[in-house]
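Q: If you read the sequence shown in the UniProt record's numbering, its first letter stands for residue 1, the second for the next number, and so on.
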Amino acid sequence: MYFYFRVPIMKNVNNLYKNTSMKLSTVAVVLLSAFGVSTLANAAAPEHFISVAPGAPATQGNYNNDGAKSDDSIAIGKNAEAGVSKDVAVGDNAKANKDTTSKVQNIGGATAIGTDTEAKGNGASALGYGAVADGANASALGNKANATGLATTAVGVSTQATGAYSVAVGSNAKATGFGSVSIGLASIPDTGATKNYAVSVGAYSGADVENGVALGSYSKATVNKEAVGYDPSTQAATTETSTAWKASHAAVSVGDVDNNITRQITSVAAGTKDTDAVNVAQLKSLDGKVEKNKTDIATNKADIATNKTNIATNTGNIATNTANIAANTGKITANTANIAANTGKITANTANIAANTANIQTNANNITAINTQLAANNNSINELRGNVNLLNKDLRGGVASAIAHASVPQSTKAGAIGVGVGTGFYGGQSAVSLGVSGVTPNENWVFKASVSTNSRGNYGVGAGALYQW
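#1: Let's see if you can read the secondary structure: which residues bound the beta strand (DSSP E) around T423?
#2: Just to confirm my understanding: we take K144, look at its own chain, exclude 5 residues before and 5 after, and list those with CB closer than 6 angstroms. What are they?
#3: Give the secondary structure of Q361 by DSSP, where H, G and I count as helix, E and B as strand, and everything else as coil.
#4: Less than 8 angstroms separating the beta-carbons of K86 and T117?
#5: Among residues of its own chain, excluding the 5 on either side of E443, which ones have a beta-carbon nearer than 6 angstroms to its beta-carbon?
#6: Please find out if some non-hydrogen atom of the ligand NAD comes closer than 7 angstroms to the beta-carbon of G206.
#7: Could you tell me the alpha carbon to alpha carbon distance between Y197 and T239, rounded to whole angstroms?
#8: By how many angstroms is the C-alpha of A207 removed from the C-alpha of V201?
#9: With DSSP run on the structure shown, which of helix, strand or coil describes D258?
#10: Going by DSSP, what residues sit across from Y459 in a beta bridge?
#11: For the stretch 168-176 against the stretch 221-232, are there 3 or more C-beta pairs whose distance is under 8 angstroms?
#12: In this structure, does DSSP put A236 in helix, strand or coil?
#13: Is the distance from the Cβ of G170 to the Cβ of L185 below 8 angstroms?
#14: Given a cut-off of 8 angstroms on the beta-carbon distance, is the pair A431 and F447 in contact?
#15: Between the alpha carbons of D99 and N454, how many angstroms are there, rounded?
#16: DSSP three-state call for D116: helix, strand or coil?
#17: Can you give me the start and stop residues for the beta strand (DSSP E) that N65 sits inside?
#18: How would you call G36, buried or exposed, if buried means at least 16 neighbouring beta carbons within 10 angstroms?
#19: Go ahead and pull the three-state DSSP assignment for D276.
#20: Let me confirm a value: E81 is counted as buried when at least 16 other C-beta atoms fall within 10 Å, else exposed. Which label applies?
#21: Look at the Cβ atom of S217, then the Cβ atom of Y230, and state whether they are nearer than 8 angstroms.
#22: Taking 8 angstroms as the CB-CB limit, is A376 close to chain C?
#23: Thinking C-beta only, is L395 closer than 8 angstroms to D276?
#24: Assuming T148 is part of the beta strand (DSSP E), what are its boundary residues?
#25: When we look at the beta-carbon of T357 and count the other beta-carbons within 10 Å, is it buried (16 or more) or exposed?
#26: Can you grab the Cα-Cα spacing for the pair T194 / G179, in whole Å?
#27: Using CA atoms only, rank isn't needed, just tell me which of N310, D303, T309, I353 is closest to N324.
#28: Once you ignore the five residues that flank residue 485 on each side, which residues in its own chain have a CB closer than 7 angstroms to its CB?
#29: Rounded to the nearest angstrom, how far is the Cβ of L215 from that of V254, given a contact under 8 angstroms?
#30: Taking the beta strand (DSSP E) that A154 belongs to, which residues open and close that run?
#31: Locate the beta strand (DSSP E) running through residue 472, then write down its first and last residues.
#32: Looking at the unbroken beta strand (DSSP E) that takes in N414, where does it start and where does it end?
#33: Between which residues of its own chain and P232 is the CB-CB distance below 6 angstroms, once the five residues before and five after are set aside?
#34: What residues match up with G464 in a beta bridge as DSSP calls it?
#35: Using the Cα positions of N349 and T315, report the straight-line distance between them to the nearest angstrom.
#36: Taking C-alpha atoms, which residue in A89, T241, K69, I74 lies nearest to G83?
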């Protein structure tokens with residue numbers, strides 16, 4: 001909805017109405033002219049369907065049409081008051097820049113429409129019963145909506161946007177942190193975007209850490225930045241400090257594990273970088289390589305078993321040869337005549353012992369090498385598994401970002417510019433996108449631009465334009 005005020009005409013309304021001989025229809029004509037409504041040429045001619053019920057006693061404020069306190073200001077209604085130049089206050093107890101003292105607030109241009117509304121600050125706007133916009137360019141729209149702080153926006157019943165540049169949209173939504181965003185029904189006390197730059201989208205969702213993102217109804221973002229990932233190769237938290245292993249910002253949540261609320265993030269493409277998500281197709285491919293490595297390991301184990309058998313056989317032969325040496329030694333002592341012959345046998349047996357000893361050492365070296373190779377294979381498998389897990393997450397995060405960009409609605413009204421929010425979920429990862437779109441007044445050009453962030457800490461920007469005739 002757009003209002004175009006022709007406020008220079010309004011500065012004479014009070015004087016017109018104070019003149020007791022002036023008809024109410026004359027004042028109505030001036031008011032309608034101020035709001036851009038065409039009137040009859042004769043100002044004294046009656047206008048229809050316009051009335052102000054005089055139920056308020058004379059003691060109430062603005063009874064004498066003195067609620068407009070400054071040049072070009074407008075005050076309509078019991079106790080309505082427009083305190084600064086170009087302010088507009090419409091409704092019972094409506095206040096625009098009342099009791100403000102700062103230079104910024106006193107510049108004017110505040111608008112308060114509705115019973116008990118208050119608009120304080122340069123460019124502040126309050127619309128709805130009890131709505132309060134307190135701050136330069138603050139906007140409060142809805143019953144009891146409260147936008148307090150620089151450039152805050154509160155839309156909906158009992159919404160609260162109290163952090164500078166914060167946005168709260170939806171019944172009882174709450175955004176209290178600097179630059180925070182809360183969208184959706186949030187009537188319980190601990191929900192909303194309560195920390196700086198936090199984003200909460202969905203009914204009863206809550207982001208309780210700085211830069212945290214909660215997407216979906218009942219989702220909670222509670223994991224802070226610098227959370228470290230799990231390393232499958234060590235079966236413990238990683239000691240790496242790179243952003244691929246350690247989060248630089250708070251987490252994105254699409255559920256609440258403490259209350260058994262989980263979601264799948266689907267339609268994720270395969271990732272490429274260390275910080276991209278990995279999808280199931282990549283995991284299946286990795287599983288095939290792991291199975292091949294298992295086969296190779298089984299073959300090596302069989303070779304080791306064969307070598308062990310050979311070692312056992314050689315050990316038995318050594319024992320037998322040792323016994324023969326002992327027997328031959330006894331025979332040498334007893335049978336001096338056979339010393340020469342036995343000496344030859346001893347020499348032969350000694351040669352066999354030396355050969356067997358060499359074989360034992362060779363087999364021992366082979367076993368050591370195989371064990372080393374097995375350890376290296378295990379480490380490679382564990383490292384590969386960890387890389388695949390990270391790749392899967394990054395891939396799914398990228399798909400979620402693409403979905404979020406595509407989900408931002410396109411403005412379709414000629415001459416209008418719209419701001420929209422889109423979300424994406426895929427394979428356990430999530431993303432949120434903020435977009436701006438519009439259509440030129442002649443409808444020849446349609447444009448759109450959006451920026452996104454996902455649960456892997458990556459950002460994306462997209463823009464496009466269409467010319468039609």
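The beta carbon of each residue, even a glycine, is placed where N, CA and C say it ideally should be. This one's a predicted model, so the numbers in the text were calculated from it and none came from an experiment.
A: Reading from the atomic positions:
#1: In this chain, the beta strand (DSSP E) harbouring T423 covers 417-426.
#2: The answer, listed in chain order, is G130, S158.
#3: Here Q361 sits in helix by DSSP.
#4: The Cβ atoms of K86 and T117 do not sit closer than 8 angstroms to each other.
#5: Around E443: A414.
#6: No copy of the ligand NAD appears in this structure; indeed no ligand is present at all.
#7: Rounded to the nearest angstrom, the two C-alpha atoms are 28 angstroms apart.
#8: Answer to the nearest angstrom: the Cα atoms are 9 angstroms apart.
#9: Here D258 carries a helix assignment [DSSP, helix/strand/coil].
#10: Per DSSP, T453.
#11: A contact is defined here as three or more CB-CB pairs under 8 angstroms, and the stretch 168-176 fails this definition with respect to the stretch 221-232.
#12: In the structure shown, A236 sits in a strand (DSSP, three-state: E or B).
#13: One thing to note: G170 has its Cβ within 8 angstroms of the Cβ of L185.
#14: Contact: no.
#15: Bear in mind that the predicted position of D99 carries a pLDDT of just 49, short of 50, making it unreliable; the figure below should be weighed with that in mind. For D99 and N454, the distance between alpha carbons rounds to 44 angstroms.
#16: In the structure shown, D116 falls within a coil segment according to DSSP collapsed to helix, strand and coil.
#17: Note, N65: premise wrong, no beta strand (DSSP E); not H, not E.
#18: Caution is warranted here: a pLDDT of 45 is assigned to G36, below 50, making its placement in the model unreliable, and no coordinate value can be reported.
#19: Per DSSP, reduced to three states, the secondary structure at D276 is coil, with no helix or strand assignment.
#20: Burial call: buried.
#21: Not in contact: S217 and Y230 (Cβ atoms no closer than 8 angstroms).
#22: Absence of chain C from the displayed structure is noted, only one protein chain being present.
#23: A distance below 8 angstroms separates the beta carbons of D276 and L395.
#24: First-last of the beta strand (DSSP E) with T148: 146-148.
#25: Exposed.
#26: Distance between the alpha carbons of T194 and G179: 10 angstroms.
#27: Residue I353 is the option with its Cα nearest to N324.
#28: The shown model of the chain, from 1 to 469, leaves out residue 485, and the question about it has no answer.
#29: So it is a contact: roughly 5 angstroms between Cβ atoms.
#30: Segment 153-155, the beta strand (DSSP E) holding A154.
#31: For the chain, the structure presents residues 1 to 469; residue 472 sits outside this window and is missing.
#32: Here residue 414 is Ala; the residue named in the question, Asn, does not match the sequence. Here A414 belongs to no beta strand (DSSP E), and DSSP marks it neither H nor E.
#33: Counting only Cβ-Cβ distances below 6 angstroms, and skipping sequence neighbours, we find N382, R385, G386.
#34: The partner list for G464 (beta bridge, DSSP) reads K448.
#35: Taking the Cα positions, N349 is about 14 angstroms away from T315.
#36: Between G83 and the set A89, T241, K69, I74, the nearest pair of CA atoms involves K69.
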